[in-house]
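J.: When you line the sequence shown up against our numbering, it's residues 1302 to 1534, in that order.
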Amino acid sequence: MANGTPARPNRASALIALLLLAPVPTIGVTCAMFVMPGPVGRVVFTIAKIWLVAFPAVWYLAVERGTPSWSPIRRGGLATGAAVGLFMGGAVVVSYWWIIGHMVDPDAVRRAAVTMELSSPVWFLLAAAGWTLVNSVVEEYVYRWFVLSELRVLMADAAAVLGSAAIFTVHHVVAVSFYLDPLPTLLGSVGVFTGGAIWSWLYLRYGSIWPGWISHVLVDVAVFAVGWHLLFG
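Below you can see the structure in the form of structure tokens.
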């Protein structure tokens, strides 16, 4: 993981890195949820997740000759990240109660949860803890550090922020569509894209993934609270 001044690859290297990384999470989610649900799909999903974690570090260190770092917080930003996360998490809950909630069929969500083995409270809470605390770190490391840094080689910062958010959103659209109908999926995807753009801005502003991670955690808590309500009332 890099700090706010990562190595600057050439344009060809950046493009190759993005082509090797960006489609992988969508392939994993699609196989696990739609093409081959069950043990084989879970294996493909696991391989995709390992690639998502390992590839940026290997590429950065071996190809771009970067220096390892834990993305230290040198310019602050944790309070800003927390404030942004509280606002976004509140927006998730309000949107569910006032806009999206009546579009969602709880029975369809429960059936999907059974397929994904998330229908018991214990397994749901374990999955929620993993996604909230661990997967959020992975996504900040991948999309706000690596993907954003590679895109900045190819385009201006503002375009890179939007591009990173778009790449971040694609596999979420696939995953959310497994549980929700098209309209709430579209609305949820707009929220994911907005969150990705905000977290990318936080990375650019503070040179660290951790302000975005704090915000991401708080949003995920709100999302899983909504999921709990749908599944268990």
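Glycine residues also receive a C-beta, built at the ideal position from the N, C-alpha and C atoms.
Short of 7 Å in beta carbon distance, which residues of its chain neighbour Asp1482, apart from the five on each side in sequence? Order them along the chain.
T.: Cβ neighbours of Asp1482 beyond the five flanking positions: Met1404.
J.: So for Asn1311, helix, strand or coil by DSSP?
T.: Correct three-state label for Asn1311: coil.
J.: Using beta-carbon positions only, say whether Val1345 and Gly1329 come within less than 7 Å of one another.
T.: Going by C-beta atoms, Val1345 is nearer than 7 Å to Gly1329.
J.: Around the C-beta of Ile1351, are 16 or more other C-beta atoms found within 10 angstroms, so that it is buried, or is it exposed?
T.: It counts as exposed.
J.: Closest to Tyr1361 by C-alpha separation, out of Thr1327, Ala1315, Glu1440, Gly1378, would be which residue?
T.: Looking at the Cα atoms, Ala1315 is the closest of the given residues.
J.: Under the three-state reduction of DSSP, which class applies to Trp1371: helix, strand or coil?
T.: Looking at Trp1371 - three-state DSSP - the assignment turns out to be coil, as it is neither helix nor strand.
J.: Could you check if Val1524 is buried or exposed, using at least 16 other CB atoms within 10 Å of its CB as the buried criterion?
T.: The residue in question, Val1524, is buried, as its Cβ has 16 or more Cβ neighbours within 10 Å.
J.: Go ahead and pull the three-state DSSP assignment for Ala1323.
T.: Correct three-state label for Ala1323: coil.
J.: Since Phe1494 is in the alpha helix (DSSP H), which residue starts that stretch and which ends it?
T.: Per DSSP, Phe1494 belongs to the alpha helix (DSSP H) from 1483-1507.
J.: Given a cut-off of 7 Å, decide if Glu1451 and Leu1319 are closer than it, judged by their beta-carbon atoms.
T.: Cβ atoms of Leu1319 and Glu1451: closer than 7 Å.
J.: Is the beta carbon of Ala1333 less than 7 Å from the beta carbon of Ile1468?
T.: It is not a contact, given that the beta carbons lie outside the stated cut-off.
J.: Taking C-alpha atoms, which residue in Val1410, Ile1515, Pro1310 lies nearest to Gly1534?
T.: Per the Cα distances, Val1410.
J.: My assumption, with CB atoms under 8 Å, is that Leu1379 sits in contact with Leu1519. Please give the rounded CB distance.
T.: Leu1379 to Leu1519, Cβ: 12 Å. No contact.
J.: Specify the secondary structure class of Leu1419 as computed by DSSP and reduced to three states.
T.: Looking at Leu1419 - three-state DSSP - the assignment turns out to be coil, as it is neither helix nor strand.
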